[in-house]
């Protein structure tokens, strides 16, 4: 049965939504509605749409996360960074843009999500953050992830 | 000279009105705008269980030590993460079985709120409004979501009144309700006690 917008809204509406379960239940047919919701005025739904797109990990997920990553509201961009970490292979350009976000909370989650990315560009950006991010706790977080990058990725 | 109690002090005074009370502490890493309405709703629905809610303290947690917790890693919502442990360690003014409600910017699970009953705490996103605060305090005191509950599609198509609904408290119209079983569970929770104690 095709996924409908009401189905997607029902999955996103609870106070404690089960987004992993919703992804399994709804499938990639939810993506067009997530694109709509991530651009919408309800920030709760926009954030959850980004997270659900990450759990879906389908071909349309990146578009949802890209849109979330460009919202002006930091809380939605944080959701984009968390959602990117749910993808098996987050695209480098998305992770790099999130690593360069002005909000430290977005950078925090982008660093965590970058652990899933193999590539010199992301590794270099992590090293730069570890060396020169204005927030000391972000520098520490990046440094702890830099070790993984040093040993595992190239 | 002894001054009469202000209305606010009278309402918040422990021991008044109810046979059981719960003391809560509000700790803000980020404060939203809907808090007063949420507190009012929480008191209203807990009053139906003859449980009084006293806000024992409000504290604003800011500075570098808290910046890293603003967007909190809550993993799957069941496991207690290192960040949650760090947050829960902030217990100024908390005594005995008081409940602590922490307000952050985002929870990584996408939840508006999450309760960790074993610790007597709940975490809420700052933009939380309506009945969510009462819902999470309800979880801390015992009740889970109703078993076998079917959520309507679209949401809110069928009327919802139960505070502990798993379909979204935003769908509650009018006054939220508690079942007798939920009330009994909450009143026997270790986090409630006879008022005035």
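Chains as they are written, first to last, in the working numbering: chain A, 1 to 154; chain B, 155 to 351.
Glycine included, every Cβ here is placed at the ideal spot set by N, Cα and C.
Please report the residue range of the alpha helix (DSSP H) in which residue i lies.
i              : result
residue 44(A)  : 43-56
residue 206(B) : Premise fails: residue 206(B) lies in the beta strand (DSSP E), 205-214, not in any alpha helix (DSSP H).
residue 279(B) : That residue, residue 279(B), is in no alpha helix (DSSP H); its beta strand (DSSP E) goes 275-279.
residue 287(B) : 286-295
residue 10(A)  : 5-12
residue 352(B) : The requested residue 352(B) does not occur in the structure, where chain B is confined to residues 155 to 351.
residue 234(B) : No alpha helix (DSSP H) holds residue 234(B); DSSP gives it neither H nor E.
residue 113(A) : 104-114
residue 243(B) : Counting along the chain, residue 243(B) falls outside any alpha helix (DSSP H), and DSSP gives it neither H nor E.
residue 174(A) : Past the edges of chain A, shown from 1 to 154, lies residue 174(A), and the structure says nothing about it.
residue 339(B) : 334-341
residue 65(A)  : 61-69
residue 21(A)  : 19-26
residue 82(A)  : 74-84
residue 263(B) : Element bounds for residue 263(B): n/a, residue is neither H nor E.
residue 99(A)  : 92-99
residue 344(B) : Residue 344(B) -> no alpha helix (DSSP H), and no H or E assigned at all.
residue 219(B) : 218-221
residue 35(A)  : 31-38
Mind checking whether residue i and residue j have CB atoms under 8 Å apart?
i              : j              : result
residue 323(B) : residue 289(B) : yes
residue 183(B) : residue 228(B) : no
residue 224(B) : residue 237(B) : no
residue 6(A)   : residue 48(A)  : no
residue 315(B) : residue 331(B) : yes
residue 82(A)  : residue 35(A)  : no
residue 242(B) : residue 197(B) : no
residue 178(B) : residue 291(B) : yes
residue 127(A) : residue 112(A) : no
residue 205(B) : residue 176(B) : yes
residue 252(B) : residue 203(B) : no
residue 238(A) : residue 38(A)  : Since the first residue of chain A shown is 1 and the last is 154, residue 238(A) is not available in this structure.
residue 271(B) : residue 299(B) : no
residue 309(B) : residue 10(A)  : yes
residue 346(B) : residue 295(B) : yes
residue 30(A)  : residue 71(A)  : no
residue 173(B) : residue 325(B) : no
residue 133(A) : residue 139(A) : yes
residue 143(B) : residue 104(A) : Look at the range of chain B in this structure, 155 to 351, and you will see that residue 143(B) is not part of it.
residue 235(B) : residue 15(A)  : no
residue 76(A)  : residue 50(A)  : yes
residue 231(B) : residue 265(B) : yes
residue 92(A)  : residue 121(A) : yes
residue 239(B) : residue 297(B) : no
residue 215(B) : residue 244(B) : yes
Can you round the beta-carbon distance between residue i and residue j to whole angstroms, since I take them to be within the 8 Å contact cut?
i              : j              : result
residue 43(A)  : residue 281(B) : 7 Å
residue 84(A)  : residue 94(A)  : 6 Å
residue 99(A)  : residue 110(A) : 5 Å
residue 192(B) : residue 283(B) : 6 Å
residue 28(A)  : residue 58(A)  : 4 Å
residue 255(B) : residue 180(B) : 5 Å
residue 136(A) : residue 218(B) : 7 Å
residue 87(A)  : residue 54(A)  : 6 Å
residue 186(B) : residue 257(B) : 7 Å
If you follow the beta strand (DSSP E) that residue i is in, where does it begin and where does it stop?
i              : result
residue 179(B) : 174-182
residue 255(B) : 253-258
residue 331(B) : 326-331
residue 268(B) : 267-270
residue 316(B) : 314-316
Taking 7 Å as the cut-off, is the beta-carbon of residue i closer than that to any non-hydrogen atom of the ligand MN?
i            : result
residue 7(A) : With respect to the ligand MN, the structure offers nothing, as it holds no ligand at all.
For the segment 28-60 of chain A, enumerate the residues whose C-beta is nearer than 9 Å to any C-beta of chain B, in chain order. 43, 44, 47, 48, 50, 51, 52
Interface positions of the segment 220-242 of chain B facing chain A (Cβ-Cβ less than 9 Å), listed along the chain: 221, 222, 224, 225, 227, 230, 231
Where the segment 252-268 of chain B meets chain E: residues whose CB sits under 7 Å from a CB there: Note that chain E does not occur in the displayed structure, where the protein chains are A and B.
Along the segment 320-351 of chain B, where does the CB come closer than 8 Å to a CB of chain A? Name the residues. 320, 321, 322, 323, 324, 325
Taking any Cβ of chain A, which residues in the segment 271-287 of chain B have a Cβ under 9 Å from it, in chain order? 279, 280, 281, 282, 285, 286
The segment 10-28 of chain A: which residues have C-beta closer than 7 Å to a C-beta of chain B, in chain order? 10, 13, 14, 15, 16, 17, 19
Which residues, in chain order, does the segment 71-86 of chain A contribute to contact with chain B at a C-beta distance below 8 Å? 74, 75, 78, 79, 82
Contacting positions in the segment 300-320 of chain B - beta carbon closer than 9 Å to chain A: 305, 306, 307, 308, 309, 310, 311, 319, 320
For the segment 122-137 of chain A, which residues have a beta carbon sitting closer than 9 Å to at least one beta carbon of chain B? 135, 136, 137
Please list, in chain order, the residues of the segment 102-120 of chain A that have any C-beta partner in chain B closer than 7 Å. 104, 105, 108, 109
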